[in-house]
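Engineer:
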Ligand code: UDX
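Residue numbers (my numbering): 314 to 785.
(1) When burial is assigned at 16 or more other CB atoms within 10 Å of the CB, is residue 402 buried or exposed?
(2) Is residue 680 near the ligand UDX, with its Cβ less than 8 Å from a heavy atom?
(3) Would you call residue 472 buried or exposed, if buried means 16 or more other Cβ atoms sit within 10 Å of its Cβ?
(4) Ordered along the chain, which non-local residues of its own chain (more than five positions away) have a Cβ less than 7 Å from that of residue 414?
(5) Is residue 566 helix, strand or coil when you go by DSSP?
(6) Residue 316: buried (16+ other C-beta within 10 angstroms of its C-beta) or exposed?
(7) Is DSSP giving residue 578 helix, strand or coil here?
(8) Under 9 Å between the Cβ atoms of residue 545 and residue 464?
(9) Helix, strand or coil, according to DSSP, for residue 322 in the structure here?
(10) Using only alpha-carbon positions, find the residue among 752, 436, 679 and 634 that is nearest to residue 400.
(11) Just how far apart, CA to CA, sit residue 293 and residue 547?
(12) CB of residue 602 to nearest heavy atom of the ligand UDX: below 8 Å?
(13) Let's test the definition: count the other Cβ atoms within 10 Å of the Cβ of residue 653 and tell me whether it reaches 16, buried, or not, exposed.
(14) Where does residue 745 fall in DSSP's three states?
(15) Give me the Cα-Cα distance between residue 488 and residue 717, rounded to the nearest whole angstrom.
(16) Tell me which same chain residues have a C-beta within less than 6 Å of the C-beta of residue 478, skipping the five on either side of it?
(17) Under a three-way DSSP split, which group does residue 591 fall into?
(18) I believe residue 328 touches residue 440 by the beta-carbon criterion, under 8 Å. Please report the beta-carbon distance rounded to the nearest angstrom.
(19) Can you pull the DSSP bridge partners for residue 386?
(20) Can you grab the Cα-Cα spacing for the pair residue 774 / residue 345, in whole Å?
(21) Shortest alpha-carbon distance to residue 351 belongs to which of 372, 334, 330 and 388?
(22) In the structure shown, what three-state DSSP assignment does residue 713 receive?
(23) What I want to know is whether the C-beta of residue 642 ends up closer than 8 Å to one or more non-hydrogen atoms of the ligand UDX.
Here is the structure:
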């Protein structure tokens with residue numbers, strides 16, 4: 314397939330959601346800076362949304378990052394639905410298209426790229442959640458690299474779905490409620506800490522069909538890359554490495570952790586910096602529930618009341634679709650007048666910029682994996698409010714394993730008094746100090762991993778070396 318001194322050429326395809334596009338873009342830049350030629354493929358819909366969110370049009374999202382040393386090409390592909398189709402409102406139809414139609418378009422595009430690419434394409438780096446990478450990659454003789462953008466713990470739980478099923482913890486009408494202690498590399502996990510899809514009793518959904526097929530494909534992949542750090546999840550990673558070449562290469566951040574010069578935001582950013590500049594060090598709570606999970610109107614109301622009770626300064630990212638029902642404004646009446654200058658409510662912001670501002674002292678997060686890594690990097694302790702998918706499992710790492718955050722609620726529902734009390738505990742006094750001390754330690758682990766001789770940097774180099782051996 315390849316000549317002896319071939320430059321590696323990778324096709325990268327992220328899942329068409331914000332929290333996947335960001336780490337894929339950062340991986341693309343990292344690999345390009347290590348000498349790869351990259352062909353990056355976004356869905357036309359993601360591309361269209363990114364372009365709409367920019368003040369300057371973005372025909373090629375990498376235009377701002379490209380210099381003579383980086384060879385990054387950019388292409389788009391249809392996800393099978395018209396551009397104007399509302400993918401957030403009609404999530405199941407969107408997923409059906411990703412499951413059944415998308416692969417035909419991808420295959421057609423990859424065929425075109427492979428036919429004429431110089432240097433020739435060597436590997437396909439696709440999101441683990443896709444249902445076709447290994448099958449398509451093999452057709453074109455490409456090395457299959459599956460990029461997992463979530464923690465290794467979540468990967469291994471999906472990887473062992475059959476084991477969970479055989480033990481009655483998953484996919485039965487009455488799933489077992491006792492501690493799970495038989496997953497290799499996971500000493501114990503409570504069923505309530507499993508990903509929401511593994512806690513479900515109805516497993517005939519489109520998302521389940523995607524997960525089942527995606528993990529069949531991932532098991533057949535040649536290599537797994539994971540946006541985590543070896544030292545953060547050592548046992549889980551070691552157990553996975555027995556099964557597959559598995560490289561922990563995270564956290565994949567833009568260089569220097571400044572705002573990336575590549576357009577990745579699917580929504581326009583509101584500026585928060587000017588307002589933050591007027592607030593004292595560590596006094597502001599940042600609240601965001603990520604890019605697609607919905608909260609209930611009741612939760613939003615209780616959180617809002619808790620914020621007022623606590624009297625904390627805050628920035629709250631409230632996406633227009635934050636509550637899934639058509640209930641109108643989810644905030645309590647008169648809330649925005651009441652907060653006055655003590656708070657900002659925005660539909661979207663540059664989270665990296667906000668979290669790294671010295672005025673930020675705490676983060677109420679839905680526990681999306683990117684948000685967790687970013688929060689640790691910025692030494693901001695977390696109040697955890699998981700809503701969907703891996704967020705329940707990620708919460709366990711933050712609160713129980715690394716002790717850099719607390720649960721926003723202890724019972725099933727959110728309550729204003731509890732919210733206010735937890736905010737005080739996270740940001741104030743002696744307990745706040747403790748969290749900041751702990752998070753400093755975890756931040757050091759991330760920092761060390763990214764040093765030239767750190768584990769993630771070495772793992773990435775090892776990945777490149779192993780890939781080169783395979784293609785020679
Ligand atoms: C989901 C999963 O829960 C997550 O674990 C997975 O890795 C991706 O998909 P998502 O809701 O997208 O998560 O959250 P998260 O992983 O935290 O990613 C959101 C990204 O958007 C972060 O990089 C964050 O910095 C960015 N963001 C969020 C903004 O730039 N501005 C905002 O206002 C909110």
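Built from N, CA and C at the ideal position, the CB exists for glycine as well. Being a predicted model, the structure only gives us computed values, none of them experimental.
Structural biologist: According to the structure data:
(1) exposed
(2) yes
(3) buried
(4) 393
(5) coil
(6) Here the model assigns residue 316 a pLDDT of 47, short of 50, so the residue's position is not dependable and the matter cannot be decided.
(7) coil
(8) yes
(9) strand
(10) 634
(11) This structure does not reach residue 293, given that the chain is present from 314 up to 785, and the question cannot be answered.
(12) yes
(13) exposed
(14) helix
(15) 30 Å
(16) 484
(17) coil
(18) 4 Å
(19) 352
(20) 13 Å
(21) 388
(22) helix
(23) no
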